[in-house]
Structures are given as C-alpha cells and as structure tokens.
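> Below is one structure. I have some questions about it.
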Amino acid sequence: MPKLNAKNAKLLQELCSQGMNLLRTGQAEVAVFSFEAALEIAPRDFDVLHMLGIAYSTSGKHALAQSTLRRATEINPASASAHLNYGIALKNTGEFEEALKHQNRAARLAPNDANVHYNLGNTLRDVGQIEAAIQAYQRAISLKPGHQETLNNLCTLLERNSEYGKAAECCAALIAAGSRLPNLHGRLFRLHMQTCNWSSYPECCANLLVRMERGEPAATPFALITTPASPELLKQSAKAYAAENFPTQSAPLWNGEHYAHPRIRIGYFSSDFFGHATAYLLAEVIEKHDRSQFEIHAFSFGFTRNDDLRKRLESGIEHFVDVSDKSDQEIAQLARQLEIDIAIDLKGYTESSRSGIFAYRPAPIQINYLGFPGTMGADFIDYIIADHTLIPAELEVGFSEKILRLPDSYQPNDPHRADAIPSLTRQALGLPDKGFVFCSFNNNFKITPEIFDIWMRLLAKVEGSVLWLFEDNAEAASNLRREATLRNISADRLVFAQRTDLATHLARHQCADLFLDTFPCNAHTTASDALLTGLPVLTLAGSTFSSRVAASLLKAVNLEELITTRFDEYEALALALSTAPERIEGIRKRLKEGRENHPLFDSARYVGNLEHLLKLAHERQSAGLAPENIAVPFENQLPSRIALT
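Residue numbers (my numbering): 48 to 692.
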C-alpha cells in the first residue's frame with residue numbers, strides 16, 4: 048500500500064477512531080460513512096476493510112459485508128478475526144457451508160480465542176451439528192468460564208440433547224455469574240427434576256416459589272406445574288409471563304368484524320401433528336368433526352416427523368398447512384386472511400409453543416386446549432376447555448379464561464390406538480414372573496421425593512413387589528436407584544422401561560398390576576394409555592389443573608374409587624389394592640369390558656359435546672356477547688352407551 052502523507056494519515060486515523068466509537072455505541076449505520084470515507088483514502092488497508100465489513104454486517108448490509116470482508120481475508124489470510132467475521136456475514140445470508148469453512152479456519156488460527164469458538168458454536172448449532180456445537184461452546188467456556196451467552200447457548204443444546212445434568216451445571220453457573228436472564232431458577236429446578244436429582248429439592252423448590260411470589264420472572268408457567276404452587280400463584284405467574292413475553296398487540300388483526308360462513312371455521316395450531324401424545328389423543332376427534340357444520344384447518348409449525356400419524360392427519364384435515372417457516376405475525380395474518388372463527392392453541396406454554404400467534408388476535412374466539420395443563424393468564428385467550436372435575440366452580444378463580452365444560456372428561460381419546468397390540472411376557476420385559484408390579488410410566492420430571500417415599504414404603508411392605516418406571520434418561524435411572532437404596536430398598540427392585548413404539552408401549556401395561564400416579568403433576572396421556580389397556584390407575588387429586596387430570600379420566604371410566612385426595616389415603620389404598628388380587632382383577636375386567644362404551648373412549652360422544660360447546664361460544668360471539676362459562680346442557684348431552692352410577 049502506498050505510503051500516505053501526514054495529512055491523509057491523520058485523517059485516516061480520525062475517521063477510523065470515529066467509526067470505532069460509533070460501532071461501540073451501537074451506531075453501525077453511521078459508522079459505515081466513516082469507514083467508507085477512510086477506504087477512499089486507503090483502498091487496500093486491511094483494518095479499514097475489516098471494520099467496514101463489520102459495520103456493514105451489523106447494519107444488515109450483508110452482501111456488502113461479504114464482499115468487503117472477503118477482500119480483507121485476501122489481504123491478510125492469517126487474520127482469525129477477518130475469517131470469523133466473514134463467516135458471520137456468510138451465515139447471515141444462509142451460506143452455512145462457506146461460513147463454517149472460514150469460522151473453522153479462524154479456530155485453527157486462534158485456538159485460544161473464546162469468541163471464535165463461541166461464534167463457531169452458533170453456526171454449528173444453526174446447521175444442526177449439535178455435538179460439534181456443544182464441543183465448540185465447551186471450548187469457549189474453558190477459555191472464558193463466565194461468558195453468559197455461551198453458557199446459555201450450551202445449556203440449551205445440552206438440554207435438547209437430553210444431557211440434563213450437564214445442562215444443570217451450565218444453568219447453575221449462569222445464576223452464580225449473576226445473569227439476569229428470565230426463568231433461570233425455574234429452568235434449574237426443571238433440569239434437576241429431569242434427572243431426579245433431589246439433593247437440594249426442598250431449598251430449590253422453596254426458593255423458586257418465594258421468587259415467584261415476589262413477582263420475579265423466575266420460572267415459566269410450565270416449569271411450575273411440578274411444584275406445590277397454589278392455583279393463585281400459577282395464575283399470577285402465567286399473567287406476568289404473558290404480559291412480558293406476548294404483549295397484546297395495539298392493532299389486533301381481528302377488530303370485531305362479523306363473519307357469515309356457512310360452516311364454522313376451526314383452526315388447530317400445533318407443532319405436534321405427528322406421532323406425539325397430543326396427536327394420538329386428538330386424531331379421531333379431528334376426523335369425526337361434522338363437516339357439514341365445521342370447516343377444519345390445521346396450522347403446523349416447528350419440528351415434525353413424516354410418520355404414519357402425520358400422513359393420517361394430513362389426509363383427514365380439509366386444510367392442512369405447514370407454517371414452520373413463518374413468523375408468529377405471518378401465521379396470524381394467514382389465519383386472519385382465512386377468516387378463522389375459532390383458533391385453538393394446542394400447545395399453550397409447553398415446549399415449541401407459539402403463543403405469540405394469538406397475541407395478534409387473528410380470530411374472534413381463541414381457546415387454550417389440551418397441550419398445557421393450566422391457565423395461560425393471557426388477555427388474548429378467551430376460553431379453556433375443561434370439565435366439572437378438572438375445574439369445579441370453586442377453582443374457577445385460578446383461571447383467566449372462561450371455562451368450556453365438557454360433561455365427561457376434557458381429554459379426547461382414540462380407542463383404536465390399542466386395536467393391534469402384541470402379546471408380551473413379564474420375562475421379556477425384565478420383570479419377575481411372580482410378585483406385584485407397581486408401575487408409573489410418567490415422565491421422570493413428574494416424580495417428586497414425597498411420592499417416591501410412598502412408593503418405597505409400598506415396596507417395603509409388599510413382599511416380592513417391584514416398581515416399574517419409564518427411563519427418560521440414564522442419569523434419572525441412576526439417581527432413582529440411589530434414592531431407593533437411601534430408603535433401604537434394593538435398587539434391583541426398580542425396573543426401567545425404555546422408550547419404544549406405541550403398540551409395544553401399550554402392550555406392556557398388561558404386565559403391570561397397578562399404575563401409581565404422580566403428584567402434583569398427574570399422568571395425562573400415560574393415564575389414558577393405562578386405562579385403555581385395562582390397567583387400574585391410582586391417583587392423588589389436588590387443587591390445580593395438572594393435579595386433577597387423572598381424576599377426570601377415572602370419573603369418565605366409572606372408577607371414582609381410585610381417586611384419593613391425601614397422601615396417607617393414596618398410600619393406604621395402594622397397599623390395600625396390592626394385597627387384594629381379586630379386587631384388581633375386578634377393576635381390570637370392568638375396564639376391558641367397557642373400553643368401547645365408557646365416555647372416555649367414546650369419540651362420537653366426545654366430538655358431539657365438543658362441537659356443541661364450540662357452537663354455543665360462536666353464537667355468543669356472533670351476538671356481540673363477551674365470553675362466559677359454558678357447559679353442555681344436560682338435555683343436549685349425547686347419551687353414553689353405558690349408564691354411569
């Protein structure tokens with residue numbers, strides 16, 4: 048590069064200094080002018096090209112950033128920073144393969160630069176190379192232990208990879224570093240629950256609830272369902288979460304217009320339109336909707352699997368659209384354009400939810416249904432679908448939504464999912480040939496120390512009995528065995544069932560004797576799976592939605608005698624049943640003989656009652672009336688095929 052005279056050299060220095068200061072203060076678009084002026088003075092100056100490329104990239108001028116940074120790498124191919132930033136610019140336009148090439152080169156040139164490994168991890172994550180991304184983040188953390196962005200990203204990937212223990216370590220490190228990220232304490236609590244790590248359960252749980260009572264954003268509503276939070280606290284927390292994360296839009300997409308459709312247009316919104324628990328429950332209901340009165344739309348977002356259930360749903364729904372590549376606002380705009388009358392959120396605040404869609408108010412009626420066991424606390428959600436057991440009148444105060452009450456259970460079911468299940472033996476499943484088999488196939492995070500204490504006392508009292516659990520992850524199984532040993536129960540009396548296909552999962556229930564429910568978060572689909580296959584379910588009902596689900600299901604199969612409301616009552620009944628084989632067999636017989644007749648498994652009855660509620664809600668809205676609690680009037684209830692006592 049030609050040597051500059053003193054005047055130009057001074058001007059160059061001033062322009063670069065000015066540009067750097069503007070970049071530091073977040074004024075990238077203005078910084079561009081300084082660096083462009085500097086480039087006119089020194090067209091091949093590496094530092095000028097490099098900083099101009101960064102300014103272009105930061106201000107969203109990606110094409111200019113790429114051409115400028117490419118020139119910088121050509122002038123100084125040994126600059127790790129130039130290769131790193133060129134890679135970032137390439138990533139910003141989706142050129143991931145070329146981006147990784149330059150970011151990997153940056154990592155080779157600067158193996159001890161934490162920022163290089165952090166950004167490499169981000170790109171690897173974005174292309175789905177999760178293991179490699181984890182390694183890059185771990186390298187960055189080893190070089191810069193307290194870097195909060197890296198810790199947060201690493202925690203997320205480890206959790207996605209089911210490495211919950213390591214994820215918990217990252218989350219704890221974030222808290223120790225003073226991170227102000229929301230929901231951290233709830234996240235740590237949930238990660239510990241995923242692995243059944245109860246080493247600090249009382250303190251962690253109490254601390255979390257105190258923070259939530261103070262109004263801190265310490266946990267998501269979903270993280271709270273395994274805590275003893277009161278209905279009032281759950282509602283308060285949901286309202287705060289909705290206000291912070293999904294503020295009601297000042298210009299809603301639907302502004303009171305009246306639609307005059309010949310059929311009511313229902314939109315189901317979910318990321319679970321494939322072989323997922325929600326889809327297994329809902330499939331037959333969607334298929335049995337009365338198409339003379341209802342026009343069914345499905346909006347599918349997020350991760351999907353092109354499995355048999357996905358194909359079944361696509362063929363059984365009139366208008367099935369994949370919107371996974373669209374933003375919340377774009378999906379909401381599409382729903383508004385289609386003039387959806389009733390928008391149904393099947394996710395709530397569960398994983399992969401898109402509650403922001405509903406904040407744009409794309410439909411006159413918006414409903415919280417099935418996926419999330421509790422109130423959403425959101426002004427933009429009008430109703431929640433429940434039943435008289437799930438939300439009795441005295442518990443309505445815990446919900447921001449108005450209640451659409453079905454006469455039986457809120458939970459839909461497809462009884463045909465158990466039509467063709469194999470015959471299995473205890474021996475093939477690792478169970479003893481003789482002895483009472485208690486089981487609980489709930490997710491491990493639902494198991495609390497209080498419930499586990501009861502289970503261990505039952506094993507101590509019932510000779511030869513075993514406890515059969517679902518193994519979500521190896522760390523949870525290891526911790527549960529250790530917890531059993533601490534309670535003087537041999538670890539080999541815990542048997543773990545692995546993840547398997549639906550038919551095998553349903554079939555193995557026939558080798559158990561009694562399903563023991565968890566508390567305060569009950570079995571949901573797992574409870575109906577057990578009842579569908581003839582396995583009695585013993586539950587403990589509390590005062591929250593998630594703690595009353597199994598009670599709702601049991602009432603709908605005429606087994607109210609298996610609903611308890613106190614820990615001592617739950618333990619005593621479990622013990623009594625385990626020593627009364629004739630009683631267990633009688634319950635099994637009632638379940639099997641009534642499988643196609645009980646309201647829980649009567650899809651036609653369920654659909655008719657659901658549609659009646661939706662029509663009543665639609666009539667209110669069309670008449671200009673505000674949402675109100677609605678129940679299916681007795682005279683309009685479809686008859687059950689059996690008489691319930």
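All C-beta atoms in this analysis are idealised placements derived from N, C-alpha and C, irrespective of residue type, glycine included.
Find out if the Cβ-Cβ distance for the pair residue 259, residue 253 is shorter than 8 Å.
It is not a contact, given that the beta carbons lie outside the stated cut-off.
> Going by other Cβ atoms of all chains shown within 10 Å of its Cβ, with 16 needed for buried, is residue 672 buried or exposed?
Classification for residue 672: exposed.
> For the segment 357-390, which segments carrying the alpha helix (DSSP H) assignment without a break, of at least 4 residues, lie completely within its bounds, in sequence order?
Within the segment 357-390, the complete alpha helix (DSSP H) runs of at least 4 residues are 375-384.
> Identify every residue that forms a DSSP beta bridge with residue 347.
Its beta-bridge partners are 317 and 369.
> For a test of the three-state rule: what should DSSP assign to residue 150, helix, strand or coil?
Note: residue 150 maps to helix in three-state DSSP.
> Can you give me the C-alpha to C-alpha distance between residue 617 and residue 587, rounded to a whole angstrom?
Approximately 6 Å between the Cα atoms of the pair.
> With a cut-off of 8 Å, does the C-beta of residue 90 fall near any C-beta of chain E?
The displayed structure is made up of one protein chain only, and chain E is not part of it.
> Determine the contact status of residue 426 and residue 448, defining contact as a CB-CB distance below 8 Å.
Not closer than 8 Å, so no.
> Whole angstroms are fine: how far does the CA of residue 137 sit from the CA of residue 144?
The alpha-carbon atoms of residue 144 and residue 137 are separated by roughly 9 Å.
> If contact is defined by three or more beta carbon pairs under 8 Å, each pair taking one atom from either stretch, is the segment 647-663 in contact with the segment 450-467?
Touching, per the Cβ criterion.
> Taking residue 296 as the reference, which of 93, 408, 555 and 81 has the closest Cα?
The candidate whose alpha carbon is nearest that of residue 296 is 408.
> Where are the beta strand (DSSP E) runs, 3 residues long or more, that stay fully inside the segment 414-482, in chain order?
For the segment 414-482, whole beta strand (DSSP E) runs of length 3 or above, ordered along the chain, are 430-434 and 449-453.
> If you count every other CB in all the chains shown that lies within 10 Å of the CB of residue 545, and 16 or more means buried, which is it?
Flag for residue 545 reads exposed.
> Answer with buried or exposed for residue 64, where buried requires no fewer than 16 other C-beta atoms within 10 angstroms of its C-beta.
It is exposed - the Cβ of residue 64 has fewer than 16 other Cβ atoms within 10 Å.
> Between the beta-carbon of residue 394 and the beta-carbon of residue 317, is there less than 8 Å?
Yes; because the gap between Cβ atoms is below 8 Å, this pair is in contact.
> Assign residue 55 to one of two classes, buried (16 or more other C-beta atoms within 10 Å of its C-beta) or exposed (fewer than that).
So residue 55 ends up on the exposed side.
> Classify residue 527 as buried or exposed, calling it buried when 16 or more other Cβ atoms lie within 10 Å of its own Cβ.
By the 10 Å Cβ count, residue 527 comes out buried.
> Are the CB atoms of residue 194 and residue 161 nearer to each other than 8 Å?
Contact: yes.
> On the premise that residue 239 lies in contact with residue 276, defined as a C-beta separation below 8 Å, what is that separation, rounded to the nearest angstrom?
Their Cβ separation, rounded to whole angstroms, is 16 Å, which puts residue 276 and residue 239 out of contact at 8 Å.
> Count the other CB atoms, across all protein chains shown, that sit within 10 Å of the CB of residue 166; report buried if there are 16 or more and exposed otherwise.
Under this definition residue 166 is a buried residue.
> What would DSSP say about residue 484, mapped onto helix, strand or coil?
Residue state, collapsed to three classes: strand.
> How far does the alpha helix (DSSP H) with residue 120 in it reach, from first residue to last?
Start and end: 109-122.
> Which complete beta strand (DSSP E) runs does the segment 534-580 hold, if anything under 3 residues is left out?
Listed in chain order, they are 541-544 and 561-563.
> Excluding the 5 residues flanking residue 607 on each side, which residues of the same chain have their C-beta closer than 7 Å to its C-beta?
If we look at residue 607 and ignore the five residues flanking it on each side, its Cβ neighbours are 601.
> Could you tell me whether the segment 575-594 touches the segment 631-638, where touching means 3 or more Cβ pairs closer than 8 Å?
The segment 575-594 vs the segment 631-638: in contact.
> Assuming residue 344 and residue 387 are in contact, meaning their beta carbons sit under 8 Å apart, how far apart are those beta carbons, in whole angstroms?
Right, their Cβ atoms sit about 6 Å apart.
> Of all the options 435, 399, 404 and 410, which has the alpha carbon lying nearest to the alpha carbon of residue 419?
Minimum Cα distance to residue 419 is reached at 399.
> Which residue's Cα is closest to the Cα of residue 657: 200, 615, 326 and 416?
The option with the nearest alpha carbon to residue 657 is 416.
> May I ask which residues mark the beginning and end of the alpha helix (DSSP H) holding residue 325?
Residues 324-335.
> Please classify residue 444 as buried or exposed, where buried requires at least 16 neighbouring CB atoms within 10 angstroms.
It counts as exposed.
> If contact is defined by three or more beta carbon pairs under 8 Å, each pair taking one atom from either stretch, is the segment 569-579 in contact with the segment 507-515?
No: the two stretches stay apart, fewer than three of their Cβ pairs being nearer than 8 Å.
> For residue 688 and residue 456, what's the separation of their Cα atoms in angstroms?
Unreliable positioning characterises residue 688 in this predicted model, as indicated by a pLDDT of 35, which lies under 50. The coordinate reading is nonetheless provided below. One C-alpha to the other measures close to 15 Å.
> Should the segment 613-629 be regarded as contacting the segment 431-446, the criterion being three or more beta carbon pairs within less than 8 Å?
They do not touch, by the three-pair rule.
> Tell me whether residue 587 sits in a helix, a strand or coil according to DSSP, three-state version.
It is a strand residue.
> Nearest to residue 619 by CA position, among 401, 662, 72 and 506, is which residue?
Comparing Cα positions, the closest option is 506.
> Taking just the CA atoms, how far does residue 59 sit from residue 51?
Distance between the alpha carbons of residue 51 and residue 59: 9 Å.
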